[in-house]
Amino acid sequence: MRYYVKVFFIAFIAFSLIFAGGIFAYQKFYTPGGGSEVDPLNPGDPAEEEPSNELERMVKDGKRINVLLVGVDGGRSDTLMLLSFDPKHKLGNIVSVPRDTYFHIEGKDAADLRKINAVYGFKGDDGGAPGVAKAVSAILGVPVHHYVKLDYEAVEAVVDVVKGIEVDVPFDMDYDDPYADPPLHIHFDKGLQTLNGEEAVEYLRWRKNNGSEGQGDLPRIGRQQDFVVTLAKKAIGLKLPMVIKTVFDYLETDMNLGDMVYLASVGIGVDFSKLESTTIPGEVGMKNGGSYLFHDPEQTYELMKGIYERTPESDAAAEAEAAAAAEAEAGAGSEESEDNKN
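Numbering (the working numbering), first residue to last: 438 to 779.
Okay, structure coming up:
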C-alpha cells in the first residue's frame, strides 16, 4: 500500500506561521478590508448555553485558543493534532488523536467509515476539515476554533529550507516496498543524524521493518511530536520568513488575515521548552470486524481539564513533585543496595 506523510510537523506551522508569521504576513500583505483583528475565540454568534460540567465552565471562562492541525492522505486524514495555546501564560499543548480512533456518524456504518480518519472524505457538513474539526471537538469536549491543513510536500520543502533537521533515530529502520510509486527504500541506523527533506519524509513514513508486523500508530505519534518540536525550534530565527513563504503554497485554513494577526500578537514570547505533547487515552480493540482505538471519555475529560487548569505555578508544583519522587526512588535504591551488601 502506498503511504505518504501528511503534515507531521504541522503544529510547528501553527506556532511559526500563526504566532510569528502572522506579523510578517501583516507587514507584507495587510490592506484595509483584508481582515480585522477579530478574537478567534468568538468566530460566530450562536446562542451560548450554560456549562454542563467543569470543563465546559473552564472553556467558557478561559482564553485558550485551539487550532486543529490536519494532515491528509488522499481522501482521509492521516494526522490529527490539536494545538491548544494559553495566550496569558504562553503555554502550549499538543493533543494527538490517532487516525484509527473510533468515531461513528449516523449512516456511515461500514467498519472502515467508523474511524475518525474517514471523516475528512465525507460529503457535506460532515466531511472535509470542518467535519474533522467537529469530530475532534466531540471527542475532546472542547471547541476547535480554527483548522490548518497542509500537503505532505511541505515536510520536505521546509526541512530543506532550514538546511536539515537533527533526529535521534530510536532504532535501526529498514523497510523496502518496490511496488510503491515511486519505490520506497527506508534505511536509517540508530542514533543521532541530520536528515534532509527527502530523508525526513522517509523517516516519518516508516511504519515497520522488513519482515515485522510493525508497532502500530501510537509509537509513530510520539516520533511525530518530537519531530514537531525539533523543527519548530530550528525554524524560529532568520529563516522564518522563508519558511512562511514556502509553506503558503501548501496551506489551507479557515483563518483570515485578521485572525492570524490576532494570534500573532498574543503568541509572542511562547516558550517551546514548555510545549507539552500527549495522545488521547484509550485502548485498541475490535468491533464489528474493525480494529479501532477506543478513547476513554473519562480519562480524556480529565486530560483536557488538566490542560485548561495548567499554569506556570502548576508546572512548577508538578516538577517539584517529580523531583521529590525521583529522589525518594534513588534513596530507596541506595538503601536496598546497602542491605544486599550486608
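Glycine included, each C-beta is placed from N, C-alpha and C at the ideal position.
Does the separation of the CB atoms of Gly529 and Leu520 fall below 8 Å?
Between Gly529 and Leu520, the gap from beta carbon to beta carbon is short of 8 Å.
Just to confirm my understanding: we take Asn436, look at its own chain, exclude 5 residues before and 5 after, and list those with CB closer than 7 Å. What are they?
Since the first and last residues shown for the chain are 438 and 779, residue 436 lies out of range.
Got a sec, what are the start and stop residues for the alpha helix (DSSP H) Ser574 sits in?
Gly565 to Leu577
Could you work out which residue in Glu735, Gln736 and Gly719 is closest to Tyr729 when comparing CA atoms only?
Gly719
In whole angstroms, what separates the C-alpha of Ala767 from that of Ala669?
35 Å
With a cut-off of 8 Å, does the C-beta of Lys552 fall near any C-beta of chain D?
Of the chains in the structure shown, none is chain D; there is only one protein chain.
Is it buried or exposed, Lys525, if we count other Cβ atoms within 10 angstroms and call 16 or more buried?
exposed
Could you work out which residue in Thr631, Gln630, Phe608 and Ala672 is closest to Trp643 when comparing CA atoms only?
Phe608
Please name the residue or residues paired with Glu735 in a DSSP beta bridge.
For Glu735, which the question treats as bridged, DSSP gives no partner whatsoever.
Determine the burial state of Asp686: buried for a count of at least 16 other Cβ atoms within 10 Å of its Cβ, exposed for fewer.
exposed
Ignoring anything shorter than 4 residues or poking outside the segment 604–653, list the alpha helix (DSSP H) runs there in chain order.
You should have 634–642.
Are there 16 or more other CB atoms within 10 angstroms of the CB of Ala759, so buried, or fewer, so exposed?
exposed
Could you tell me the distance, in whole angstroms, from the CA atom of Phe664 to the CA atom of Tyr738?
Approximately 27 Å between the Cα atoms of the pair.
Do Arg551 and Gly727 have their CB atoms nearer than 8 Å?
yes
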